[in-house]
Amino acid sequence: MELQAAEPVTTDTTTSGEDTPAPKHTIPPSTKITPDAPTYIPTGFAARREGWTAPFLSSPVNEPPHPMEMCRAIMVEFELDPEAARAAVPDPLVWEEGTTGVAIIGDNRQMPTSQKFQEGMILLQVRFGDMVGTYVPYIWTSTDEALIAARDVSGRPKAICEHNELEVMGSLVKGKIVRRGETMMRASVTLEHPAELKELPFSRDWLSVRKIQMPESGRPALKQVIHHPTGEGFKLHSMWRGRGFVEFPGQSFSAVHELKPGKMVNAWMIEMGWMLGWGKILWENWVPATQP
């Protein structure tokens, strides 16, 4: 799937009773930057030193696909601060006005590099031209293998967190994301009824923005919008709905608390697996290395 625009695509959004008007946004056409084939192919001794990522001879990750064999997660849908949601989404994506956020905390097994790790994230619905997808402005993981693969390859802004696991007591499932001793997110779900995938309020078309800085001063940065569909190989093992709660206590090194969860809308516990394969570059341009 590739979005190409001969003319800029304008997104004209309106607010849902908010005092702050939603921005009007124009997406410039994509520039073809990355080639379709290698421009240099190492041979001989040089080829033996070509790794997927540093360190060359003992890479912590391998190339896609990365099969998520099992994810056991709680999900809480919540109303959020619109201004903070707009600010959390990088250009050229824009927050889909009036949509809710989803907080997820899960215990994962993603072979072959991450047999066991915790992951937490916030999902927002975003628009890219005429496409609506899911964007992750905040995401934490407890292993560097999962961090490197997602951040370097897929463009998701992962940071390391301490390892915790979901706690299950009767019908209550709870979890927390802790980074450097600070609680980034705390969530719980009390299960009540069986549920179905169609209830989930987010798209399985995932959009990420990868900005690659150059090491030389004055050089522009490469910015890409990447699309990952997650429908391939999807397996649902169990799904339950109930009452949920989420909070972002707040600290100095993350702005996640600015989303200010309000009303809790829905909550689920889900056990599932999927295949995370190669993505597709939808848009790319050279942009300023830093904004004024």
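Take the sequence shown: its position 21, counted from the start at 1, is 11 in this note's numbering, and no numbers get skipped. Just so you know, even glycine gets a beta-carbon here, dropped at the ideal spot from N, CA and C. Note that the structure is predicted; figures quoted are calculated from it, not measured.
- Distances from the CA of Pro57 to each of Ser244, Ser228, Met265 were compared; the closest alpha carbon is that of Met265.
- Straight-line spacing of the CA atoms in Cys151 and Thr131 works out to 5 Å.
- The beta-bridge partner set that DSSP reports for Arg141 is empty.
- Using a Cβ distance threshold of 9 Å, Pro147 and Val79 do not count as a contacting pair.
- In terms of Cβ geometry, Met254 and Ala185 do not form a close pair [threshold 9 Å].
- Shown here, Val79 sits in coil according to DSSP, grouped into three states, outside any helix or strand.
- DSSP, reduced to helix, strand and coil, places Ala36 within a helical segment of the structure shown.
- Residue state for Ala136 is assigned as helix, using DSSP reduced to three classes.
- Residue nearest to Gly160 within the set Thr173, Val168, Ser178, Gly171 is Ser178 (criterion: CA-CA distance).
- Rounded to whole angstroms, the gap between the alpha carbons of Gln203 and Glu189 is 39 Å.
- The three-state secondary structure of Glu157, taken from DSSP, is strand.
- Excluding five sequence positions before and after Leu162, the CB atoms of its chain that fall closer than 7 Å to its own CB belong to Ser178, Thr180, given in chain order.
- When rounded, the separation of the alpha-carbon atoms in Pro54 and Gly252 is 38 Å.
- Of the residues Pro32, Ile64, Glu59, the one whose Cα lies closest to the Cα of Arg233 is Ile64.
- The alpha carbon of Leu249 has as its nearest neighbour, out of Asp81, Ala136, Glu59, Val92, the alpha carbon of Val92.
- The beta carbon of Glu261 lies closer than 6 Å to those of Arg62, His227, Ser228 in the same chain, with the five residues before and after it left out.
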